[in-house]
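Okay, so here's the structure we're looking at.
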Amino acid sequence: MSQDFQTWMKSIQNEVEVALNTYLPSPELAPQALHEAMAYAVLDGGKRVRPLLVFAAGKLFSAPGELLSRAACAVEMIHAYSLVHDDMPCMDDDALRRGKPTVHKKYDEATALLVGDALQAQAFLVLAEASACADHKLPMLQLLAQASGSLGMCGGQAIDLASVGVALSLPELEQMHRLKTGALLRASVLLGAMSGKHLEANEVAALDQYSRAIGLAFQVVDDVLDATADSATLGKTAGKDAADNKPTYVSLLGLEASRQLADQLCRDAHQALTIFGESAQHLRDLADLIVQRKA
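Add 3 to a position in the sequence shown, counting from 1, and you land on the number used in our numbering.
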């Protein structure tokens with residue numbers, strides 16, 4: 004990755020951190036404990052891959068900064084809420100996230116439940132309050148809602164929970180992750196692009212192909228890292244998928260074949276962006292980042 008991309012990435016990560024802090028309710032407002040826990044769940048952690056995708060896709064069509072910022076923060080709040088709930092004892096039951104105690108460990112289970120609920124609502128409020136006209140915002144809100152619900156992220160999580168100890172086929176595993184991980188990554192890309200213009204059919208198709216590739220690549224790499232990295236590197240409990248007897252790409256394909264699949268998906272993502280030329284370079288760089296990451 005070029006120095007230009009690394010500089011851009013750091014700039015966007017810093018910008019998003021400031022914006023998230025602005026768009027979250029102040030911990031000084033009642034109920035203070037809930038607002039403090041919301042900030043704990045969202046701030047000072049994570050790679051911000053989804054906001055980076057929003058801004059990189061927005062660059063294709065010179066999207067306005069305020070709408071990009073709100074879209075990026077909205078999708079990151081949805082992602083953060085999903086992690087808070089995912090870590091709870093009734094779901095994946097984890098004690099570590101982003102190198103620090105999970106929300107239900109830092110506070111308690113009831114607080115963690117409310118944090119997730121409140122962050123989901125806050126995400127839609129942040130996007131709804133953008134200065135863009137209603138005709139511009141409404142399709143974006145609809146997209147985010149669909150990607151977050153039973154036909155997106157929540158549906159994928161439901162399939163994941165029902166699949167513990169079950170021998171899934173490769174197509175079934177892919178379908179689960181297209182919903183659980185891929186839907187919100189796709190929404191990030193399309194929200195960024197939609198911030199700039201009404202998309203043509205060929206543009207949506209290209210961005211869908213790109214999103215499909217990086218969504219699967221993200222999960223394949225996650226599975227490889229879960230099998231090969233330690234908890235300190237990952238910032239979460241390593242080896243948990245195998246310990247919980249969950250189906251993964253590594254368990255189905257093996258380690259080396261999974262790595263090869265991730266590399267092929269990265270090439271597919273690059274190919275999908277051909278119609279956008281050089282303006283899509285940051286999206287290509289993000290595909291590389293997703294596949295080459297170590298945590």
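Just so you know, even glycine gets a beta-carbon here, dropped at the ideal spot from N, CA and C.
- Three or more pairs of CB atoms, one per stretch, sit closer than 8 Å, so the region 172 to 192 contacts the region 206 to 225.
- Contact between Val-192 and Leu-56 holds: their C-beta atoms lie close to 5 Å from each other, under 8 Å.
- Taking all protein chains shown into account, Leu-46 has fewer than 16 neighbouring C-beta atoms within 10 Å of its C-beta and is therefore exposed.
- Across the set Leu-63, Pro-142, Met-94, Val-207, the C-alpha of Met-94 shows the shortest separation from the C-alpha of Ala-165.
- Within the region 199 to 249, no beta strand (DSSP E) run of at least 3 residues lies entirely inside it.
- Between Leu-32 and Val-87, the C-beta spacing is not below 9 Å.
- Taking the Cβ atoms as the reference, Ala-126 lies roughly 20 Å from Ala-59, outside the contact range of under 8 Å.
- Under the three-state reduction of DSSP output, Pro-54 falls in the helix class.
- Counting of Cβ neighbours within 10 angstroms places Val-167 among the exposed residues, the total staying below 16.
- Cα atoms of Gln-263 and Arg-100: separation of roughly 28 Å, rounded to the nearest angstrom.
- Arg-100 carries a strand assignment under DSSP once its states are collapsed to helix, strand and coil.
- In this structure, the CA atom of Glu-20 is about 26 Å from the CA atom of Glu-112.
- In the displayed model, Val-253 falls within a helix according to three-state DSSP.
- For Gly-158, the secondary structure class from DSSP, reduced to helix, strand or coil, is helix.
- Taken in chain order, the unbroken stretches of alpha helix (DSSP H) that lie wholly in the region 53 to 97 and span 4 residues or more are 68 to 89.
- In the DSSP annotation of this structure, the continuous segment of the alpha helix (DSSP H) that includes Cys-269 starts and ends at 258 to 275.
- The residue from Asp-96, Ile-293, Glu-259 with its alpha-carbon nearest to that of Arg-270 is Ile-293.
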